[in-house]
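The structure under discussion appears below in the form of structure tokens.
Numbering (the working numbering), first residue to last: 1 to 212.
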């Protein structure tokens with residue numbers, strides 16, 4: 001019997017890791033967890049209660065009490081929820097509280113695929129395959145602008161670009177589990193690739209591991 005396959009997909013906002021992760025999970029029949037939704041859920045609960053998202057003492061209990069009922073993907077999408085997630089994710093207590101949830105998900109007999117920002121470095125350092133998805137800030141800002149405008153949201157590219165850069169800085173320079181590729185991660189630059197092209201390249205990397 002083949003041992004479970006664990007795949008870690010990491011990368012900054014709007015690099016395309018979520019789209020890729022869903023495709024790969026379906027292709028390899030793996031349970032999938034978008035770990036960013038956990039942080040978005042904590043941020044949404046904090047905002048709804050009028051709490052200070054920059055107060056680690058107030059954020060940690062929300063993370064400890066998070067349950068699956070709080071993870072409503074439809075309500076947790078969007079730029080605002082992403083900004084809330086980035087702020088609460090900077091707190092060590094929040095990350096500690098959510099780490100066990102993620103590791104339990106990964107440690108299942110069926111294998112699993114998780115995407116986020118510290119899967120390959122912190123959550124699943126022994127993952128079979130680690131892919132770090134990147135794209136330039138300009139490309140990611142253009143994707144996000146086009147996506148939001150298509151949904152009827154009137155947003156300005158320059159504003160989105162500044163937000164992307166600020167979030168990159170916050171995620172990459174936080175003291176706890178900063179956004180960075182694991183030493184053994186495969187870098188996958190999606191800037192000039194189509195969605196199908198990204199998927200094919202990721203499958204090539206994973207299949208090469210399976211065949212060894």
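Glycine included, every Cβ here is placed at the ideal spot set by N, Cα and C. Here the structure is a predicted model, which means the values were calculated and not measured.
Do the CB positions of residue 101 and residue 38 come within less than 8 Å of each other?
yes
Do residue 58 and residue 66 come within 8 Å of each other at the CB atom, strictly closer than that value?
no
Considering only DSSP beta bridges, list what residue 132 is partnered with.
10, 187
Would you tell me roughly how many angstroms separate the C-alpha atoms of residue 130 and residue 117, rounded to the nearest one?
Taking the straight line from one Cα to the other gives about 12 Å.
What residues in its chain sit with their C-beta under 6 Å from that of residue 185, if we drop five residues either side in the sequence?
120, 130, 132
On the DSSP bridge list, what partners appear for residue 24?
DSSP, once it has assigned bridges, lists no residue as partnering residue 24.
Contact between the stretch 14 to 31 and the stretch 169 to 184: three or more CB pairs below 8 Å?
no
Reduced DSSP category for residue 89 - H, G, I as helix; E, B as strand; rest coil:
coil
If you follow the beta strand (DSSP E) that residue 33 is in, where does it begin and where does it stop?
32 to 34
So within the stretch 95 to 163, which uninterrupted beta strand (DSSP E) runs reach at least 3 residues, ignoring any that extend past its ends?
112 to 116, 129 to 134
Please report the distance separating the alpha-carbon of residue 74 from that of residue 82.
13 Å
Note the first and the last residue of the continuous alpha helix (DSSP H) segment covering residue 57.
56 to 64 is the span of the alpha helix (DSSP H), which, as asked, contains residue 57.
Quick one: what does DSSP say residue 182 is sitting in, helix, strand or coil?
Here residue 182 sits in coil by DSSP.
So, using beta-carbon positions, are residue 62 and residue 42 closer together than 8 Å?
yes
Where residue 191 and residue 140 are concerned, what is the direct C-alpha to C-alpha distance, given to the nearest angstrom?
8 Å
Collapsed DSSP secondary structure at residue 212 in the structure displayed:
coil
Here's a check: name, in chain order, each residue in its chain whose Cβ is nearer than 6 Å to the Cβ of residue 23, leaving out the five neighbours to either side.
Closer than 6 Å at the Cβ level, and outside the excluded window around residue 23, lie 199.
CB-CB under 7 Å to residue 36, same chain, minus the five flanking residues each way: which ones, in chain order?
Once the five neighbours on either side are set aside, the close Cβ partners of residue 36 are 85, 116.
Do residue 188 and residue 112 come within 8 Å of each other at the CB atom, strictly closer than that value?
Not a contact, by the Cβ cut-off of 8 Å.
Which of the three DSSP states, helix, strand or coil, is assigned to residue 49?
Assignment of residue 49 by DSSP, reduced to helix, strand and coil, places it in the coil class.
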